[in-house]
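Notes follow the structure.
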Amino acid sequence: MVSDSNGELESPSSDARLPSLLALRCFEAAARHENFSRAAAELHLTHGAVSRAVRLLEDDLGVALFERRSRRVFLTDAGRTLSGAVGSGLDLMRQAVGNLRARARSGRRWVLSCEPTLLMRWLIPRWPDFQARHPDMEVHLVAGGGPFSFASGIDLAIRRDDFTWPDSHHVEPCLRKRSARCAIPASWRTGSTTAQPAAR
1 MVSDSNGELE SPSSDARLPS LLALRCFEAA ARHENFSRAA AELHLTHGAV SRAVRLLEDD
61 LGVALFERRS RRVFLTDAGR TLSGAVGSGL DLMRQAVGNL RARARSGRRW VLSCEPTLLM
121 RWLIPRWPDF QARHPDMEVH LVAGGGPFSF ASGIDLAIRR DDFTWPDSHH VEPCLRKRSA
181 RCAIPASWRT GSTTAQPAAR
């Protein structure tokens with residue numbers, strides 16, 4: 001405990017102490033959906049785990065964040081205040097993490113996944129020209145088709161346009177005479193054009 005100039009005691013870890021990040025993440029998802037089950041599915045947790053985390057957060061703060069009525073939940077005024085602050089904070093963290101990952105990628109090898117037929121008949125014959133025009137780029141080619149996740153280690157992908165593209169992918173046509181699309185994570189898009197072999 002410490003005292004201020006008026007002799008009043010203050011705890012250095014009282015009101016400014018942050019709750020656990022897991023509890024805040026559970027609350028933010030539950031607040032955004034106003035539904036604990038959908039929050040649990042998004043975070044890959046059980047409904048009970050999200051509910052307990054929110055309850056612990058409410059106990060920690062000393063206020064109700066949700067009004068619970070007929071198996072539904074609604075944000076209280078306090079909940080809306082905290083939801084805006086936590087959402088903004090998580091957005092800032094996501095942006096910072098994305099920037100750091102993008103910066104780290106600039107100094108390592110890129111992984112480009114391409115449909116096997118397009119890889120053999122279209123991309124590989126043009127690859128020497130691409131390497132000559134971009135000698136500083138180290139790209140590893142892998143064969144793959146259909147839906148994919150960038151979390152699997154893929155940085156860029158060329159696919160036939162025969163499935164639904166997730167919102168997390170930024171997609172551009174890359175062949176005029178074939179139904180094909182080039183994709184990168186939507187979070188990478190900065191307005192610059194990704195270098196790619198000439199489409200013919």
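Per UniProt numbering, the sequence shown starts with residue 1, numbered consecutively.
For each residue, glycine too, the CB sits at the ideal point set by N, CA and C.
Reference residue i, options the options, closest by Cα
{"i": "Ala53", "options": "Leu21, Val73, Asp167", "result": "Leu21"}
{"i": "Gly48", "options": "Leu141, Phe36, Ser83", "result": "Phe36"}
{"i": "Val142", "options": "Ile154, Phe150, Pro135", "result": "Ile154"}
{"i": "Leu82", "options": "Ala151, Ala157, Ala23", "result": "Ala23"}
{"i": "Gly84", "options": "Ser152, Arg25, Cys174, Leu175", "result": "Arg25"}
Distance between residue j and residue i (C-alpha atoms, nearest Å)
{"i": "Ala78", "j": "Leu92", "result": "22 Å"}
{"i": "Glu115", "j": "Leu123", "result": "10 Å"}
{"i": "Asp15", "j": "His44", "result": "31 Å"}
{"i": "residue 253", "j": "Trp110", "result": "In the structure as shown, the chain starts at 1 and stops at 200, and residue 253 therefore has no counterpart that could be examined."}
{"i": "Leu18", "j": "Ala64", "result": "17 Å"}
{"i": "Cys182", "j": "Glu172", "result": "5 Å"}
{"i": "Leu67", "j": "Arg80", "result": "Reading off the sequence shown, one finds Glu at residue 67, where the question assumed Leu. Computed Cα separation, rounded: 12 Å."}
{"i": "Arg72", "j": "Leu90", "result": "25 Å"}
{"i": "Gly145", "j": "Arg159", "result": "6 Å"}
{"i": "His134", "j": "Glu34", "result": "49 Å"}
{"i": "Pro128", "j": "Asp162", "result": "29 Å"}
{"i": "residue 227", "j": "Arg69", "result": "Examination of residue 227 is not possible in this model, given that the chain is present from 1 through 200 alone."}
{"i": "Ala180", "j": "Ala157", "result": "10 Å"}
{"i": "His140", "j": "Ser51", "result": "44 Å"}
{"i": "Ser88", "j": "Arg32", "result": "12 Å"}
Cutoff 8 Å; reference residue i; Cβ partners in own chain excluding five residues on either side
{"i": "Ala186", "result": "Asp167, Ser168, His169, His170"}
{"i": "Trp165", "result": "Val171, Arg181, Ala183"}
Nonlocal neighbours in the same chain, by C-beta distance under 6 Å from residue i, ignoring five residues either side
{"i": "Phe27", "result": "Val54, Leu57"}
{"i": "Glu42", "result": "Ala29"}
{"i": "Phe150", "result": "Pro185"}
Neighbourhood of residue i by C-beta, 7 Å cutoff - its chain only, sequence neighbours within 5 removed
{"i": "Ser113", "result": "Val142, Gly144, Phe148, Ile154, Ala157"}
Query raised in the report: Could you give the uninterrupted runs of the alpha helix (DSSP H) lying entirely in the stretch 116-188, keeping only those of 4 residues or more?
Result: Counting whole runs of 4 or more residues, the stretch 116-188 contains the alpha helix (DSSP H) stretches 124-133.
Query - Start-end ranges of the alpha helix (DSSP H) lying completely within the UniProt domain "HTH lysR-type" (19-76), minimum 4 residues - result: Listed in chain order, the complete alpha helix (DSSP H) runs (minimum 4 residues) inside the UniProt domain "HTH lysR-type" (19-76) are 21-33, 36-43, 47-61.
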